[in-house]
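Colleague: Whatever position you read off the sequence shown (first residue = 1), add 847 for our numbering.
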Amino acid sequence: MRFSEFGLTTLKEVPAEAEIVSHQLMLRAGLIRRLASGLFTWMPLGVRVLRKIEAIIREEMDRAGALELLMPSVHPAELWQETGRWEQYGPLLLRMSDRHDREYCYGPTHEEVITDIGRRELRSYKQLPVNFYQVQTKFRDEIRPRFGVMRSREFIMKDAYSFDIDQSGLEASYQKMHAAYAAIFTRLGLDFRVVWADSGEIGGSKSQEFHVIADSGEDAIAYSDDDDYASNIESAATLPAAEPRPEPGQPLEKIATPGVRTIDDLCKLLDTEPARTIKTLIVEGDAGPVALVLRGDHELNAVKAQKLDGVASPLTMADTDTIRKATGSEPGSLGPVGLDMPVYFDHAVAALADFSCGANEVGQHYIGVNFGRDLDEPQTVDIRNIVAGDPVPNGSGTVRIARGIEVGHIFQLGTKYSEAMGATVQDRDGNDVPMLMGCYGIGVTRIVGAAIEQGHDDNGIIWPNPIAPFDVVIVPINLQRSDTVRAAAEELYAQLQALGFDVLYDDRDVRPGVKFADAELIGVPHRLVVSERGLAAGELEYRHRKDSEARSLNRAAALELLKE
Ligand code: ATP
Ligand code: MG
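1) Name the DSSP bridge partner or partners of Arg1142?
2) Of the residues Ala1069, Leu926, Thr1174, Ile1252, which one's Cα is nearest the Cα of Thr1245?
3) Pull up the distance between the alpha-carbon of Ile1170 and that of Asn1207, whole angstroms please.
4) Figure out for me which residue from Gly965, Val960, Ala883, Ala1341 has the closest Cα to the Cα of Gln1273.
5) Measuring only the C-alpha atoms, how far is Pro1281 from Gln1259?
6) Tell me whether Ser1265 sits in a helix, a strand or coil according to DSSP, three-state version.
7) Restricting to Cα atoms, I'd like to know which of Val982, Leu878, Leu1147 is closest to Gly954.
8) Would Thr956 be called buried (16 or more neighbouring beta carbons within 10 Å of its own) or exposed?
9) Is the beta carbon of Ala1341 closer than 9 angstroms to that of Leu1382?
10) Taking Pro1183 as the reference, which of Val1137, Leu858, Lys1172 has the closest Cα?
11) Measuring only the C-alpha atoms, how far is Pro1098 from Val1216?
12) If I measure Cβ to Cβ from Gly1096 and keep anything under 6 angstroms in the same chain, skipping five residues before and after, which residues do I get?
13) Do Ser1203 and Thr1119 have their C-beta atoms within less than 9 angstroms of each other?
14) The alpha helix (DSSP H) spanning Arg1398 covers which residue range?
15) What ranges does the beta strand (DSSP E) occupy inside the stretch 947–975, keeping only unbroken runs of at least 3 residues that lie completely in it?
16) With hydrogens ignored, establish whether the beta-carbon of His1058 is closer than 8 angstroms to any heavy atom of the ligand MG.
17) Considering only residues of the same chain and omitting the five flanking positions on each side of Leu1326, which have a CB-CB separation below 7 angstroms?
18) Counting beta carbon pairs with one atom in the stretch 1310–1317 and one in the stretch 1032–1040, are three or more of them shorter than 8 angstroms?
19) List the whole-angstrom C-beta distance separating Ile904 from Val1291, where the pair is believed to meet the contact cut-off of C-beta under 8 angstroms.
20) Using three-state DSSP, classify Tyr1028 as helix, strand or coil.
21) Please indicate yes or no: does the CB of His1145 lie closer than 8 angstroms to some heavy atom of the ligand MG?
22) Report yes if the C-beta of His1256 is less than 8 angstroms from at least one heavy atom of the ligand MG; otherwise report no.
23) Who does Gly1179 pair with in a DSSP beta bridge?
24) Apart from the five residues just before and just after Pro992, which ones in its own chain have a Cβ nearer than 7 angstroms to its Cβ?
25) Taking 9 angstroms as the cut-off, decide whether the C-beta atoms of Tyr980 and Met908 are in contact.
26) Measuring from the CB of Thr956, is there a heavy atom of the ligand ATP at a distance below 8 angstroms?
27) Are the stretch 1074–1090 and the stretch 1225–1244 in contact at 8 angstroms, needing three or more beta carbon pairs?
28) Specify, as a first and last residue, the run of the alpha helix (DSSP H) that Tyr1340 falls within.
29) Classify Met1164 as helix, strand or coil using the three-state DSSP reduction.
30) Distance check for His947 and Glu1065, CA to CA, integer angstroms please.
31) What is the residue span of the alpha helix (DSSP H) that Ala1083 lies within?
32) Is the CB-CB distance between Val1041 and Glu1018 below 9 angstroms?
33) Quick check on the burial criterion: 16 or more other C-beta atoms within 10 angstroms. Buried or exposed for Ile1369?
34) Closer than 8 angstroms: is that where the CB of Gly1288 sits relative to any heavy atom of the ligand ATP?
35) Any chance the stretch 1298–1307 sits against the stretch 1361–1379, with 3 or more Cβ pairs inside 8 angstroms?
36) Could you give the distance in angstroms between the alpha-carbon of Ile1012 and the alpha-carbon of Asn1278?
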């Protein structure tokens, strides 16, 4: 590609709208341009990266025996009503109607559509197993689109769906995808980790996510310092305390705590630690408000809490009015003593003695609270986020926390969709049975952002070689004024193209410094400089994007190096 014909505009300034480095660099390098909130145009440079990622994904999916198809992005409402997700999906689903007032949605995921294909096309166990995939545009009306293409509203996903006759078949299909995903992310040159996950809106039982490790990641991952346990903290279980609870040592006392609203305020006043206090959160429930009680230093885990009996899903905090009516008090002064509503205690709370909590009167707290005396012996549940230092729940060692960007997610759906939609096949005995399904997603556009989060420096992007928009950039010095340079650069350009490289030939009439800066910003891995001085010595100047210094090579040696 001749730079003069590529129409790339790079930006020197860091765009104010971009919070994280990948978003900034994608705008500066001209990979994307914003259209509206969560909507981006992929510019020619960005499309080159996308196509390389897609090619690797397709190769590995094909190798794993999956079959590519292409489903519509607009879905009739009736399909989503069959599974109940028309209501469940809520505002994330972009709904629309056509000229006949029929309702549709823009597909955020394709379980319904593929299950409809499955029930029409698949009749017998003899047609199974089968796995269909597509690379296609999704729309989710995200509440907070941010970080550019990492959390956009429209994005490209590779989604795959497997059909099997029984659980052991599903297990095998799932493991095949697990292996294919590991191969894909390895080939993409990403530092990734596979973690246990919650199934969320998609449903089903077993599920795992593939995370690119990066400080800017929106997800927290709990992993073991001792074995290969790793889980999204959304679904990382916490264990009941191992040690027995100490005996009560203090009497129950109600004290005045004027102005105390937070755990920090309370700790300052009492000169104690958050871990010796508890906090009471009131959430909406099926039959009135429900209290969730956690240790003062712990965080509520919404994914766990919304699965409790009687608790509304999605988890919704009760508003101040509801709290006033139910407790006679205000947020900031709540506690379980004498509270008249269903109460769930986190495991960690049950290990406390002589703790403090709100007294359900504004400006009043209890100290010296004890179970078995001031409160009934609690039935405890797991409703908090795991934290660094906790014991690993089903393995060995101590939990550490890292941040990750979810780039892939695999699920065992079981019969959730096939039962709801009547997707059955005949088994060996001639009985109609629902198929067992799995689904497997990769965030194609998100990968671009994730790769940049992992690979960049002050000067720009450092792509993993397999997904760089160009393999090599030729930077001629004084091209417009030197026939020798022009002849040599043109010849090198033709030669490298003939060898199958993606070459960016910077034939612009601009200062060398501008060419160098752009080459670094867009992150071309290999750079060859053609200059009169070099040519006189029979040499080109070579530099890898990661090298700190350039070196001189003759042309044959440079070609050898690139071929490697
Ligand atoms: P998240 O938890 O990040 O919202 P999800 O779990 O809802 O994602 P899945 O339904 O598992 O997403 O979709 C499969 C993949 O699609 C995800 O692993 C992610 O890489 C990608 N993806 C999901 N939502 C977005 C988005 N808003 N923008 C870009 N990519 C996305
Ligand atoms: Mg997911």
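For glycine and all other residues, C-beta sits at the position ideal for the given N, C-alpha and C.
Modeller: Reading from the atomic positions:
1) Residue pairing by DSSP places Arg1142 opposite Ile1125 in a beta bridge.
2) Ala1069
3) 10 angstroms
4) Of the residues Gly965, Val960, Ala883, Ala1341, the one whose Cα lies closest to the Cα of Gln1273 is Gly965.
5) 14 angstroms
6) In this structure, DSSP gives Ser1265 a helical state, which the three-state scheme calls helix.
7) Val982
8) Thr956 should be labelled buried.
9) no
10) Val1137
11) Cα-Cα distance, rounded: 8 angstroms.
12) For Gly1096, where only same-chain residues beyond five positions count, the Cβ hits under 6 angstroms are Asp1201.
13) yes
14) Careful: Arg1398 lies outside any alpha helix (DSSP H), inside the beta strand (DSSP E) at 1398–1400.
15) 950–953
16) no
17) Val1332, Arg1333, Ala1336, Asp1354
18) yes
19) 7 angstroms
20) helix
21) no
22) yes
23) DSSP lists no partner for Gly1179.
24) Ser884, Gly885, Arg998, Ser999, Arg1000
25) yes
26) Yes, since a heavy atom of the ligand ATP falls inside the 8 angstroms radius drawn around the Cβ of Thr956.
27) yes
28) 1330–1345
29) Strand, per DSSP.
30) Taking the straight line from one Cα to the other gives about 41 angstroms.
31) No alpha helix (DSSP H) holds Ala1083; DSSP gives it neither H nor E.
32) The Cβ atoms of Val1041 and Glu1018 do not sit closer than 9 angstroms to each other.
33) buried
34) At a threshold of 8 angstroms, Gly1288 counts as near the ligand ATP, since its beta carbon sits closer than that to one of the ligand's heavy atoms.
35) yes
36) 11 angstroms
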